[in-house]
Structures are given as C-alpha cells and as structure tokens.
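Data block below; observations after.
2 protein chains.
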Amino acid sequence: MSDPFAIRVITDHGEAVEALTRRHGFEETTLSEGARRGIRRIFGEDLTASEVVDRILDDVRTGGDEAVKRLTAQIDGAAPEQLEVPKAEWETAFRSLDPGMQDALQTAAEQITRFHEKQKRSSWFDFSDEGALGQIVRPLERIGVYAPGGTAVYPSSLLMTAVPAKVAGVDEIVVSSPPHQGMVSPLILAAAWVAGVDKVFQIGGAQAIAAMAYGTESVPHVDKILGPGNIFVVLAKKKVYGVVAIDQLPGPTETLIVADDSADPRITAADMIAQAEHDEMASAILITTSPALAAAVRAELDIQLETLPRGDIAQAALLNNGLIIETSDIPTAMTLANNYAPEHLCLLLRDPWSAVPLVKHAGGIFVGEHSPEALGDYTAGPSHVMPTGGTARFYSPIHLNDFVKVINVAAANEQAVKRLGPATIALADAEGLRGHARAIEYRLESKR
Amino acid sequence: MSDPFAIRVITDHGEAVEALTRRHGFEETTLSEGARRGIRRIFGEDLTASEVVDRILDDVRTGGDEAVKRLTAQIDGAAPEQLEVPKAEWETAFRSLDPGMQDALQTAAEQITRFHEKQKRSSWFDFSDEGALGQIVRPLERIGVYAPGGTAVYPSSLLMTAVPAKVAGVDEIVVSSPPHQGMVSPLILAAAWVAGVDKVFQIGGAQAIAAMAYGTESVPHVDKILGPGNIFVVLAKKKVYGVVAIDQLPGPTETLIVADDSADPRITAADMIAQAEHDEMASAILITTSPALAAAVRAELDIQLETLPRGDIAQAALLNNGLIIETSDIPTAMTLANNYAPEHLCLLLRDPWSAVPLVKHAGGIFVGEHSPEALGDYTAGPSHVMPTGGTARFYSPIHLNDFVKVINVAAANEQAVKRLGPATIALADAEGLRGHARAIEYRLESKR
Chain A
-9 MSDPFAIRVI TDHGEAVEAL TRRHGFEETT LSEGARRGIR RIFGEDLTAS EVVDRILDDV
51 RTGGDEAVKR LTAQIDGAAP EQLEVPKAEW ETAFRSLDPG MQDALQTAAE QITRFHEKQK
111 RSSWFDFSDE GALGQIVRPL ERIGVYAPGG TAVYPSSLLM TAVPAKVAGV DEIVVSSPPH
171 QGMVSPLILA AAWVAGVDKV FQIGGAQAIA AMAYGTESVP HVDKILGPGN IFVVLAKKKV
231 YGVVAIDQLP GPTETLIVAD DSADPRITAA DMIAQAEHDE MASAILITTS PALAAAVRAE
291 LDIQLETLPR GDIAQAALLN NGLIIETSDI PTAMTLANNY APEHLCLLLR DPWSAVPLVK
351 HAGGIFVGEH SPEALGDYTA GPSHVMPTGG TARFYSPIHL NDFVKVINVA AANEQAVKRL
411 GPATIALADA EGLRGHARAI EYRLESKR
Chain B
-9 MSDPFAIRVI TDHGEAVEAL TRRHGFEETT LSEGARRGIR RIFGEDLTAS EVVDRILDDV
51 RTGGDEAVKR LTAQIDGAAP EQLEVPKAEW ETAFRSLDPG MQDALQTAAE QITRFHEKQK
111 RSSWFDFSDE GALGQIVRPL ERIGVYAPGG TAVYPSSLLM TAVPAKVAGV DEIVVSSPPH
171 QGMVSPLILA AAWVAGVDKV FQIGGAQAIA AMAYGTESVP HVDKILGPGN IFVVLAKKKV
231 YGVVAIDQLP GPTETLIVAD DSADPRITAA DMIAQAEHDE MASAILITTS PALAAAVRAE
291 LDIQLETLPR GDIAQAALLN NGLIIETSDI PTAMTLANNY APEHLCLLLR DPWSAVPLVK
351 HAGGIFVGEH SPEALGDYTA GPSHVMPTGG TARFYSPIHL NDFVKVINVA AANEQAVKRL
411 GPATIALADA EGLRGHARAI EYRLESKR
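Protein sequences, first through last, are from chains A and B. Count the first sequence with this note's numbering and you get residues -9 to 438, in order. Count the second sequence with this note's numbering and you get residues -9 to 438, in order.
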C-alpha cells in the first residue's frame, strides 16, 4: 500500500461544519505578476482587473470593430483581418477530426438535446367567466456564448450551452472565442459546427463580452451572454448585467462525494482527482461514514496522482482545497453537503436514491457508482455549467429556462372589472394614484 | 373641445423606428442637488452614487447592526431601538385600516395567489434502460423583499413579490422598508400581514440591501433580493449580484398602447395618464392607426390632466417621454411595439386577440378595453413587477420561477457507461483531462 496522501482530514463535526460553511459568491481575485505585467504593457500603468475591464468596455462601446481589433492585437498578439470565422472553416475543422472524435462530439450533442427536449414549457391560458389569464413562453432571439481559448479549450462547454439554446428555439447563436496563434481552436470550431451555432467570432476576454453586449459593425449585440472565462471575462459579464442578461458568475469548479463503506476506493479517488485536475483552485471533498474508506482513498490518491499527466495541478488542488470528512451517518453527511451547496454532488452509496430526497442545495446530483461526474461533464445529457461557490442555494444549472422568457397576459372582461374595480380603486387611491383609479372608473361608467 | 396637449406626435415611420429603438438596460443617473448635499453631509465629501453604495456595503458587511443603525440615523433621521418590527404591529396596522381597504388588500393577494398557483412546476424523472435523468425543482429557502418608503409607498409591490414567493413555497420571506418619521408605513406593514411574510425590518436604501445580502446580528442573510427602489437600492442590488440572486434592475415604468379607431379616446388618455402619473421619468406611448383617435386623445389629455392630483408629474412625464405615433396598420404598429419592448403593452383594438401572436417582446400584455394596466397593477393576478427599459427582450416579469431553483439529476447505470464511455474518454482526452478519462475507464474495468 502506498503512503496516505497528505490531504486535510476532519473527524470533528463542528470543525466540518465550519470548513464547509462559507460566504458564497463571486469575489475579485488577486492578479498574477504575469497578468500585472501585461496590464502595464498594454495600458501603460498599474490597473486593477476591474479598471482594466471598465476601460475595455468603454473602448469597445465607442470604438466598435476598430477597438476590438486593436485590443486583440495588444492582448492576443495579432489582430485578425476579419473578426468573423467563416462557416467553411468550422466544417473543415470538424472533418479534420478523427472519426472517433467526430462521433464523440455528436454523441454528446445528441444526449444534451434529448435531456433538454424534455424540459420544454408551453405557453398557457386559463379561460374563465372573467376573461383569460396566461403566460406566453418565447425563446430569446439572440444569445452569445463565450468559449475560452488558449491553454484551456473546452469544446464540451460550448456544447453544454449552445445545444440547450438550440433546443429552446433561440433564433441566432453567436460564439466568441479568443484566437490562439492567430486562430480559434479547431476543437471549438468543430463543436460550433456540431452544435449548429450561427456565427463564430475570434475575439477573447472582456472585449468579446463588450462586443456581444453592445454590438459592433461586425458583431451583433445579443440578448444574453453565457459561458465561463477568466477573471476579466467574469468581471465584464457582471458589469454588462442589465444591458444584457447573463447566466452566472462562474467560480472554481468543485465536487463533493458522499460515500459509505460500499464505495470502491479506487473509483472514489479517481472522481476526486478528476475534479482536482481542472485547476489549482478546484475543490474535491469526500464525506464518508467509513474511516476504512477514508484511509484507502488517501492511499489511492497517492498512487493515481503519481502517473497523472496533470498530477501537479491535481495535487496542488487537493492540498489547497481538498478535504476528507469522517462522519457518523448518511443524514449527517447530507446536512454537511447542503451546508456546502456543491456544484457536483456524487452519491457513492449502497442505496444512493435514499439520499436524493435529502439534497437541498446542489448544481447536479450524480447517483451511484455508474454516474461519475466525468460522464456528466460530457455525455450524460444535463449541462455541466452549474452554480459554484455555494450559489447552488439560489441558482440553477443551465437548462432550457435560460433561453426563454415569459410574457404575462391579462384579458379581463367587463365582469372582471365590475368585481375587481372597487378593490383596485381603493388600492390606487391608497397609493395616491388617482389616475389609476380613474382608468377603472371610466370603464365602470362606460356603456359602450 | 379642449386644446390638444403638446405631446410629441410622429407620423413618419423612420422617425418612429428611431424614437422607439433604444439601447436597453440600466445606467447610473445623475444625482439631484438635494441628494448631493445629503452625501456631503453624511460622508463629508462629494461621492458618486456608486461610491456611496460601495461605502455602505463595506460598512454593513463589517459593522453589522451597529453600522445599519448608524446609517439609518444619518440618512433617515433617527435610528430605531430594534431593527425588526414585531408582528403584532403589522396586525395592528392591518386592523386599523377601513374594511374596504382590508378587503382590497386581501382581494389582490387572492388574485395573485390564484394566478401563480397555475405556474407550479414539478420535479420530473425519465427512466430508461440506461438509468434515470431528471430535474428536482425546489423553492428557495429565504428571500428578501425591498419595499420603498417615504413619499412613495406601494403596498401593492410588496404583494406582487411576496405572494408569488409564498405560493412557490419559500420558507422565509424577509421584508425591509425604510422608516419614515421613525416607523415603517402602516400600509407596508398591513401588506406584509396579508402576504404572510415572516419578518419585517425598518431599514432602507443600500443599507437594507447590504443587510439582507450579508446578514447582520438581527437580519438573516437571504438567497435572493427582490423589489424596486431608488438609484442607491438599484446600484446596491447590482453590486451584491452573485453574493445573492436578484430579480432585476428596475428602471422608470412605461406603457405602450396600440389602438385603432375603435378605441375610446377618454379611456386611452386615462391609461396614458395612469402611467405618466408614476413619476416624471415614466413613459406613455400611443401607437395608433387612427389620426382621429390621436387628435381626440390629445384633447382628452388636456382635459384630464387639469383635474388630476398628480397632474404636474403626469404632464412632465408626457412632455419628457410621451409620444403619439400614427401608423398605417396594426402589423406595423406591433413591429414598432416590439422594437420598444415595453414593460406594459396595452391592446385597445377592435380585435385585440389577433395582435397577441405578433407580440415578441413585452413584460405583460393587456388585451382589450376591459384590461387596463391599472387592473394589472393591483388585482388582475400577474405580478406588476416587470422588465423595463427594453429588457423585456430577455427578462420575464416576476413569476413563480423566480422563487425556485433546479437541481439536475443523473443516475446512469452500467449499460449507460458502456455505451457512452468511449465518447466520454475521447472528449476528456481531447481536453487534456486524463483524470476524467480514467474515472470512466476504472468503471468499465470494474467487475464488482
């Protein structure tokens, strides 16, 4: 048996509660020295990330394409002739993939389509003697999806956002992704092809968010912006919130596994590592009723990290934010999990369904040994874009509702005005709004 | 016949398109001299509204109740002993109203309850040979409703937010409203009583938003903050977005009426005035196919404004933002209306239902002469909290969905992992995430 990995282990309940209870939500992070150097080079002075984003937003709002190209040249090294990537290039990118990869993208898209088709909501009307009330459900007209580029390229995230939009009936899906060495990643282009998006722009960072929020000569302004990104992207999304809708402010990814003595240590450790390999800020937490499992998982972590290509990243994440909590029983474990409100909640239990009703806060629940988060990340069907940082208390994963809006409809008749008129007039007058009261009185008088 | 009111009239289509097409969304407004004086008095220097809000948020986050009381004393003139208003006082406030008013509040609450009960969504599961997929729909645990006080007291807005939350099953509804001369408006307290809220705090402005977002010794932190307010409240909501969820960033209220020659000029003018009397920034727009109606409405506006208690405000709003557009036909009128994406869209047409399918963007549609917006403001049933400033392109009115969240559930079995495993591994490896691929491979190997 290998050495137990030096992850933090908590056996005291109070300490566990404290470790898992957090103030949720987005906070501006400290910039790396490299990022600060880049800012001084481009803007000629030290600026906070927030100040950088303010400048970029103003610049693109007033300068349009010219500003976008200038910023792209400064930030990404070279400005493209054309901001839009022609559709033929996406198709080429897709056709150039090996057949297994083509099939994988299509399988993922089909699974996502199927899951989201079940979520379709209908407009509804309720007719009565007093007329009709109802709600019209309409897809958004145009959305923008940000797809990060550079070192981290996630075609799956593009599918997880664009495919649900397509199912919802969004008219036009625009993608923006930073050029890396002069071009958008072929994997992103191939995913755009598979998802059936409408336009792809080679623009990254806050300038992409600005272009989609305000519109430029080339980039149409959209109604909602979705997708993950670095601190500049996230800050830009927060700042344009209200000008457009946004999905959420994503933070580092996180998983919480609740396991009993039936769990396989090798699989449990693999799931923790799959989370931890994302980046050094990722969190992987195990809550277990079995001290034996806890010990075996620590040994497995050590073995598996040894041979993992991204072992350094995963190890740093596990040391920074990893946690094993030993607790007395499953209900207590679930209460702790609810305190944390994890993005991913994985149930490696003998009877995993019995724990599902105990879940109050989570982005997604992965029920049982054959539902690893890794399946959820790619092919299970639900979107892997889920609330982080405890915001699962109030946010939902991306789903069909993100791509529709509701219009309320009131069609009262004379009888309704007669019945509700006196109450309406009383309330209007109580609020000092005589004009509202009159609008009702004139109808009550009207003999037409 | 009275003089025609000097509202702007447009007969040219291009000019109408330009007048109605706007960049949507929230922008910081200029502060009045009175507000600036207040800021200098309290903070000892000139600050922008955004800077004021930053200070208040920091102050309350670190200082808790003590900070809230100090700010309340400075801003509202006196700090209350206790921040919470005991429930007995709400009941007294309700019992002190005349029976007509008691009945009016209850009628409104019943209508709102009925409309929102029809919107309930169920959790769902779809079982197959590969396991199960589904979504759990759960009410939020705790929400905060801001109810403005001082000169503008709208008990109806409190009902329009708290009652849908109650229907959705929210565990705890917290209300915060500024004290005026040492107490919260009795109408707000009575509405809180009728709506069945759980706690009322006498705190106003950005300090109320901060207290509900971060929590203090007295005020529990909430999951979502809703409700209208002044510029400080709106800015504070935007700044705490992500720490909590928020409903939207409300701007000035607006109505757009589409009318043909069947419309009654007196009623049409009354509906414009009912909108305009809210405040000087309110917008009331009439688009009509009938020049005769346009002329008659202008005369009616003049007559009705004469005797309106808030005539000065309504007149200023109509001169600032009022508009009458004469156009050729109903489809053109509806296209113009969609360009504007109004909060309220009123159809005063011979055949109003035929125009409903042409609506792309609106907060609420008011169908026909007996569905005045005034009814919608109080007793029709749909919430009157609706998207403004063109954000109806992507936001919905407050409805049941605002008070629930979704948790995705994936329960794949061995067969699912077998079928989806290869695609999952291919995608994980393409993204450089070997740990994800392994989590699948170990399952495929597992013989247990």
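Even glycine gets a Cβ: it sits at the ideal position worked out from N, Cα and C.
Using a C-beta cut-off of 8 Å, the stretch 196 to 214 of chain B makes no contact with the stretch 240 to 252 of chain B, since fewer than three inter-stretch Cβ pairs fall below that distance. Sixteen is the threshold: since fewer than 16 other Cβ atoms of the shown chains lie within 10 Å of the Cβ of Ser318/A, the residue is exposed. Val357/B is a Cβ neighbour of Ala400/A, given a cutoff of 9 Å. A residue is called buried once 16 or more other Cβ atoms fall within 10 Å of its Cβ, and Pro299/B, having fewer, is exposed. Considering only Glu404/B, Leu291/B, Gly411/B, the residue with the shortest C-alpha distance to Ala98/A is Gly411/B. Here the alpha carbon of Leu37/A sits roughly 56 Å from the alpha carbon of Ala402/A.
Beta-carbon to beta-carbon, Ile277/A and Ile315/A are separated by about 5 Å, close enough to satisfy the 8 Å threshold. For Ala181/B, the enclosing alpha helix (DSSP H) has its first and last residue at 176 to 185.
Taking a beta-carbon distance threshold of 9 Å, Lys156/A does not count as an interface residue toward chain B. Using a Cβ distance threshold of 9 Å, Met376/B and Asn391/A do not count as a contacting pair. Contact annotation: in the stretch 70 to 95 of chain A, residues whose CB is within less than 7 Å of a CB in chain B are Gly90, Met91, Asp93, Ala94. Interface residue (Cβ-Cβ distance to chain A less than 9 Å): Gln305/B is not classified as such. Taken in chain order, the members of the stretch 200 to 218 of chain A whose beta-carbon sits within less than 7 Å of a beta-carbon on chain B are Asp213, Lys214.
Taken in chain order, the unbroken stretches of alpha helix (DSSP H) that lie wholly in the stretch 213 to 286 of chain B and span 4 residues or more are 221 to 230, 255 to 266. For Phe356/A, the C-beta contacts it makes with chain B under 9 Å involve Val399, Ala400, Ala401, Ala402, in order along the chain.
Sixteen is the threshold: since fewer than 16 other Cβ atoms of the shown chains lie within 10 Å of the Cβ of Thr297/A, the residue is exposed.
When only Cα atoms are considered, Lys59/A and Ile65/A end up about 10 Å apart. Between the C-alpha atoms of Ala25/B and Thr62/B there is a straight-line separation of about 16 Å. Under the three-pair Cβ rule at 8 Å, the stretch 122 to 137 of chain A counts as touching the stretch 163 to 182 of chain A. In the three-state reduction of the DSSP assignment, Gln192/B falls in the coil class, being assigned neither a helical nor a strand state. Secondary structure of Ile133/B (DSSP, three-state): strand. Interface residue (Cβ-Cβ distance to chain B less than 9 Å): His351/A is classified as such. In the structure shown, Met150/A adopts helical secondary structure according to DSSP, grouped into three states.
Assignment of beta-bridge partners to Gln125/A by DSSP yields Trp114/A, Asn398/A.
Under the 10 Å beta carbon count, Gln101/A is surrounded by 16 or more other beta carbons and is classified as buried.
Boundaries of the beta strand (DSSP E) harbouring Leu338/B: 334 to 338, taken from the DSSP string. For the stretch 216 to 250 of chain A, residues whose beta-carbon sits nearer than 7 Å to a beta-carbon of chain B comprise Lys228, Tyr231, Gly232, Val233, Val234, Ala235, Leu239. Annotation for Phe393/A: no beta strand (DSSP E) segment contains it, and DSSP assigns it neither H nor E. Annotated three-state conformation of Ser166/B is strand, per DSSP. Any Cβ of chain A closer than 9 Å to the Cβ of Ala416/B would place that residue at the interface, and such an atom is present. Legend: CB atoms of the stretch 326 to 347 of chain A lying less than 8 Å from CB atoms of chain B belong to residues Pro342, Trp343, Val346. If you ignore the 5 residues before and after Glu107/A, its C-beta comes within less than 6 Å of the C-beta of Val157, all in its own chain and listed in chain order.
Contact between Thr11/B and Asn329/B holds: CB atoms are separated by about 5 Å, below the 8 Å threshold. Remark: fewer than three beta-carbon pairs, one from each stretch, lie closer than 8 Å, so the stretch 354 to 373 of chain B and the stretch 73 to 80 of chain B are not flagged as touching.
The CB of Val407/B comes closer than 7 Å to the CB of His360, Leu365 in chain A, given here in chain order.
By DSSP's assignment, Met202/A forms no beta bridge with any residue.
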